Each structure stands twice: as structure tokens, then as C-alpha cells.
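Written out below as C-alpha cells is the structure these notes cover.
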Amino acid sequence: MTTSSMSTLADRWSTTLAAARPWTPPARRTVVVAPHPDDESLSSGGLIATQRARGLDVIVVAVTDGDAAYDPAGDPALAATRRSEQRAALRELNVAPSATHRLGLPDGRVSEHESALVDALLDIVRPDDLVVTTWTNDGHPDHEACGRAALAVADARSATLVFSLFWTWHWRSSDVFDGCELVALDLGPSAAAAKRDAIRCHVSQFQAGDGVAPILDESTVEPAEWLAEYFVSANVERSDRREVGS
103 MTTSSMSTLA DRWSTTLAAA RPWTPPARRT VVVAPHPDDE SLSSGGLIAT QRARGLDVIV
163 VAVTDGDAAY DPAGDPALAA TRRSEQRAAL RELNVAPSAT HRLGLPDGRV SEHESALVDA
223 LLDIVRPDDL VVTTWTNDGH PDHEACGRAA LAVADARSAT LVFSLFWTWH WRSSDVFDGC
283 ELVALDLGPS AAAAKRDAIR CHVSQFQAGD GVAPILDEST VEPAEWLAEY FVSANVERSD
343 RREVGS
């Protein structure tokens with residue numbers, strides 16, 4: 103698959119990326135479960151833009167408000183900022199505010215509220231939906247909790263589930279994909295541009311201040327600028343009967 107440049111991460115992952123199966127998302131209502139504001143943009147912004155351009159409904163479930171990005175105790179002002187940033191990002195991706203469900207679960211502690219997340223998703227996800235969320239092997243506890251919850255709900259609702267990837271490219275090695283099916287969605291120019299614009303709406307993640315390093319910088323966002331988005335097919339994980347999160 104194509105990347106925007108053969109820089110460090112793309113070079114490191116080149117064999118894995120080249121082996122990914124080309125994929126077109128099914129023409130179904132799409133439910134994107136975002137652990138934090140910015141996850142919908144970083145790992146599946148291109149898919150969202152693609153589905154909206156096809157005239158398909160996209161629902162975004164905002165699991166947390168991302169208030170603990172820089173302070174584990176949480177920052178209400180940052181939460182308000184990040185909600186606003188996410189609304190702006192979703193406008194760039196052509197998702198209406200009415201299509202967003204905000205759950206307000208505690209940032210950094212989603213695993214403690216996993217059953218509540220499952221219950222919320224059961225009220226949202228319909229049979230035959232395409233569900234997209236962060237991977238159970240991502241390395242971030244909130245991301246993995248969202249993956250586990252979505253997997254349970256997709257099974258219960260007979261929905262199709264794919265896991266999106268972002269921090270995996272930074273934190274994992276290629277053997278993390280052993281036994282998995284990696285698929286690639288090539289992004290057209292419009293979808294790629296919409297994704298870039300959406301990511302730039304999350305200003306707070308690029309500007310920390312007070313001697314604290316920002317979450318994102320030009321190097322960190324590299325995988326989000328590749329000209330394809332990559333997903334792990336959850337159907338393979340289910341058929342392999344692997345323990346979720348193993």
C-alpha cells in the first residue's frame with residue numbers, strides 16, 4: 103500500500119504494510135467508537151470521510167472527553183476544549199453533531215467501566231452495522247477496553263467489526279499481527295485531505311505547555327498521514343478463538 107513518504111515508521115513497517123489485503127468497507131451504517139477525542143481522526147478519519155462520501159450514515163461514540171491527557175486527575179477545562187475540537191474535526195469529516203453519542207466515561211479508566219460501555223454500545227449498534235474501534239492489542243488501556251467492549255457487542259449484534267490502528271505503529275513490533283488479518287483502505291485525495299484537516303482540529307494535543315511534552319507532534323502523526331488506513335479484521339480473531347486482548 104502507498105504511504106506519503108518512506109520515513110522511519112513506514113520503513114520499519116514496510117513489509118507488514120505491503121502484505122495487507124486491499125479492503126473496501128461495506129456499504130453499511132458505520133459506528134466509530136472513539137476512546138478519546140482525536141482517535142476518530144487519527145486512526146479512522148479516512149474511513150469516516152469515505153463512508154460519508156458514499157452517502158452512508160456514520161455514528162461516532164465519544165467514550166471519554168480526554169480530560170486526563172496531561173493530568174491523570176483530569177482537567178475539566180481541557181475536557182471542554184477537547185469536546186469542541188472533536189466537534190470541529192467531525193465537521194471536517196462531514197459528520198453532524200447529532201450523530202455523536204457522548205458517554206463521558208473517565209479518561210484513563212475505561213476498563214473499570216467496561217460493562218457500562220458494553221451496555222451503551224448495545225443501545226447504539228444494530229445488526230449488520232460496521233463497527234470500528236481501537237484494537238485490543240493497541241497498548242493503550244482505554245483503547246484496549248474499547249476494543250474488548252466492541253468485540254462483545256459486535257458478537258451480540260452480528261455486526262462487522264474492524265480494529266483501527268495508531269499507537270500500534272509506535273509501540274508494537276510486527277509479530278503483534280501474527281494470526282491476524284490486516285486490511286488496507288486506500289484513501290482518495292478528498293478523504294486524505296479531510297482526515298488531515300480533522301487531525302489539525304485537535305490543537306490541544308499539539309500544544310501542551312508548562313514544560314510538558316504534547317501528545318502529538320509532526321513525527322508522531324506520521325501513520326495518520328499515510329495514504330492508506332490499516333485495520334485488523336476482528337472476524338479472524340473470533341474464528342481463531344483467541345482470548346480478547348491476548
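In this text, residue positions in the sequence shown follow the numbering used here: the first is 103, and each later residue adds one. Beta carbons: idealized from backbone N, C-alpha and C, even for Gly. All of these numbers come straight from a predicted model, not from anything done at the bench.
Tell me whether the beta-carbon of residue i lies closer than 8 Å to the beta-carbon of residue j.
i	j	result
V162	A222	no
V234	L149	yes
V165	A136	yes
S335	V278	no
L195	G147	yes
I226	V134	no
D319	F308	yes
L267	T152	no
G176	D140	no
A251	V220	yes
L284	A120	no
G206	D167	yes
V255	L224	yes
So what does residue i bridge to, in DSSP terms?
i	result
D288	A330
F265	T235 and V334
T118	Bridge partners of T118: none, in fact.
P124	A286
T132	V160 and L232
G311	V314
R204	A164
Measuring alpha carbon to alpha carbon, tell me which of the options ends up nearest residue i.
i	options	result
N387	P128, S116 and F333	This structure cannot speak to residue 387, because the chain is shown only from 103 to 348.
G248	E216, P229 and S275	The sequence as given places Cys at residue 248; Gly does not occur at that position. When only C-alpha atoms are compared, the closest one is E216.
T322	A296, V220, L144 and A294	L144
V212	R184, E246 and R228	E246
A294	P325, S276 and D244	P325
R193	E142, W237 and P229	E142
A296	V197, P229 and G311	V197
T183	P124, L253 and A310	A310
C282	P178, A179, W237 and R228	W237
L253	N337, P124 and S116	N337
R156	P128, A181 and L180	P128
Between residue i and residue j, which are expected to be in contact by the criterion C-beta below 8 Å, what is the C-beta distance as a whole number of angstroms?
i	j	result
P231	R130	Per the sequence shown, the amino acid found at residue 231 is Asp instead of Pro. Correct: roughly 6 Å between the Cβ atoms.
D280	H138	Wrong, their Cβ atoms sit about 28 Å apart, outside the cutoff.
T118	S276	5 Å
Are the segment 112–129 and the segment 271–288 touching, with three or more C-beta to C-beta distances below 8 Å?
Counting Cβ pairs under 8 Å, three or more are found: they touch.
Cβ pair count under 8 Å reaching 3, the segment 253–260 against the segment 323–330:
no
Do the segment 173–189 and the segment 303–313 meet, that is, are 3 or more Cβ pairs less than 8 Å apart?
Note that the segment 173–189 touches the segment 303–313; at least 3 beta-carbon pairs, one per stretch, sit closer than 8 Å.
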